[in-house]
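In what follows, a structure is listed as structure tokens, so that the remarks can point back to it.
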Amino acid sequence: MDHAPQNTAPNTALEEATRTRGRFSGRGKALGMAGYVDPSDVSGQYDFLTHTGEALALSPPDGTHFGRIKIGAAWNNVQVPRTDLIGRLLQKTRPANIDVDLGCLYELQDGRRGAIQALGDLMGSYKSLPHIRLSGDETTGDSDGDDECMYINGAEWSQISRILVYIYIYDGAEDWAQVKPQIQICLPDMKPVVVTLSTHMRDLPLCTIAELRNVRNGIAVTNFTEYFPGHAEMDRAYGFGLEWADGTKDGVKDQT
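In this note's numbering, each number is its position in the sequence shown, counted from 1, plus 1.
Below is the structure:
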């Protein structure tokens with residue numbers, strides 16, 4: 002059994018965060034596509050980070066704080082062949098019912114660390130620490146805007162050291178190249194920053210997309226695009242030191 006190194010600080014175990022591979026989270030089958038932005042868009046309405054290691058520095062537009070920061074996830078609404086007799090004869094397709102979830106690992110300035118994600122109902126809090134709150138899935142994939150999003154209280158950004166944004170995929174898609182996921186970082190009075198995957202892989206269900214790091218109370222956004230078999234492996238790579246159970250639905254304990 003593979004476990005992440007244990008964090009010796011008090012109350013750092015994480016509960017109900019990982020799950021058996023290949024199962025829906027039970028929070029709805031978000032179908033994606035509603036908020037998807039074409040990476041080839043040349044309208045000038047977006048700032049794109051399309052390559053691993055590419056970075057962008059953001060400063061508060063009013064010189065004081067960022068206001069509400071929205072991180073949205075969107076992906077391609079993949080169509081797959083129907084397997085019933087009529088579907089095969091008529092070469093019909095159906096939505097793949099992709100289950101893509103958005104999450105993050107965070108570290109506060111005082112050293113406390115934790116996770117925000119739908120698995121385990123680790124939804125966070127906007128008004129109190131960690132000042133990060135996750136929405137639920139947009140379950141149809143057809144409404145305007147992002148399919149799932151996370152809100153950061155920009156007025157309290159000074160209390161946050163770093164945020165590692167990741168997405169994880171289970172049923173409904175064969176590889177990341179089909180899904181084409183992206184995150185969109187939206188700040189008041191600024192162009193959205195769209196972070197897309199620079200490479201695609203098969204069979205690894207978790208991908209870190211971007212880091213938001215506090216640099217002199219500004220935000221340094223970096224495209225990471227790195228794939229992992231699970232949460233514990235991701236944690237070890239980025240040094241958060243949380244405790245993860247191995248591949249089960251009851252895997253994660255809250256840290257704050």
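Think of the CB as a built atom: it goes at the ideal place given N, C-alpha and C, for glycine as much as any other residue.
Next item on the list: Evaluate the contact criterion for the stretch 108-117 versus the stretch 52-68: three or more CB pairs, one atom per stretch, below 8 Å.
Entry: no
Item checked: Residue from C150, G121, K128 and S129 whose Cα sits closest to the Cα of L135 -> C150
Next item on the list: Reducing DSSP to helix, strand and coil, say where S159 ends up.
Entry: helix
Next item on the list: Note down, in chain order, each residue of its chain lying with its Cβ closer than 6 Å to the Cβ of G61, except the 5 sequence neighbours on either side.
Entry: The question names Gly, yet the displayed sequence has Pro at residue 61. F67.
Next item on the list: Please classify M235: is it buried, with 16 or more other beta-carbons within 10 angstroms of its beta-carbon, or exposed?
Entry: buried
Item checked: CA-to-CA distance, H201 to N224, given in whole angstroms -> 14 Å
Next item on the list: Return the CA-CA distance between I220 and G104, expressed in angstroms with no decimal places.
Entry: 18 Å
Next item on the list: Report the rounded CA-to-CA distance for W245 versus D100, giving the unit in angstroms.
Entry: Going by the C-alpha atoms only, they are around 21 Å apart.
Checklist line | Alpha-carbon to alpha-carbon, D102 and G73 | finding: 11 Å
Next item on the list: Leaving out five residues on either side along the sequence, give the residues of the same chain with a beta carbon under 7 Å from the beta carbon of K181.
Entry: W76 and N77
Margin query: Within a Cβ cutoff of 6 Å, which residues of the same chain sit near L213, ignoring the five residues on either side of it in sequence?
Written below: I164, I220 and V222
Item checked: Alpha carbon of D48 to alpha carbon of Q183, nearest angstrom -> 13 Å
Note to self: Classify A178: buried if its beta carbon has 16 or more other beta carbons within 10 angstroms, exposed otherwise.
What the structure shows: exposed
Notebook entry, point to check: Under the three-state reduction of DSSP, which class applies to Q46: helix, strand or coil?
Noted result: Three-state DSSP puts Q46 in coil, outside helix and strand.
Next item on the list: Could you please give me the residues that DSSP links to M151 through a beta bridge?
Entry: I72 and L135
Checklist line | Outcome for A56 when other beta-carbon atoms lying within 10 angstroms are tallied against a minimum of 16 | finding: exposed
Check: So Y107 and P131 are in contact, right, with Cβ under 8 Å, and what is the actual spacing, rounded?
Finding: 5 Å
Check: Hey, how far is the Cα of G45 from the Cα of M191?
Finding: Note on geometry: alpha-carbon atoms of G45 and M191 lie some 12 Å from one another.
Notebook entry, point to check: Which class does G125 belong to by DSSP, given the choice of helix, strand or coil?
Noted result: strand
Note to self: Let's see if you can read the secondary structure: which residues bound the alpha helix (DSSP H) around K233?
What the structure shows: Correcting the residue identity first, residue 233 is Ala in this sequence and not Lys. Counting along the chain, the alpha helix (DSSP H) containing A233 begins and ends at H232 to Y239.
Notebook entry, point to check: Taking the DSSP output, what are the residues bridged to Q118?
Noted result: G104 and L123
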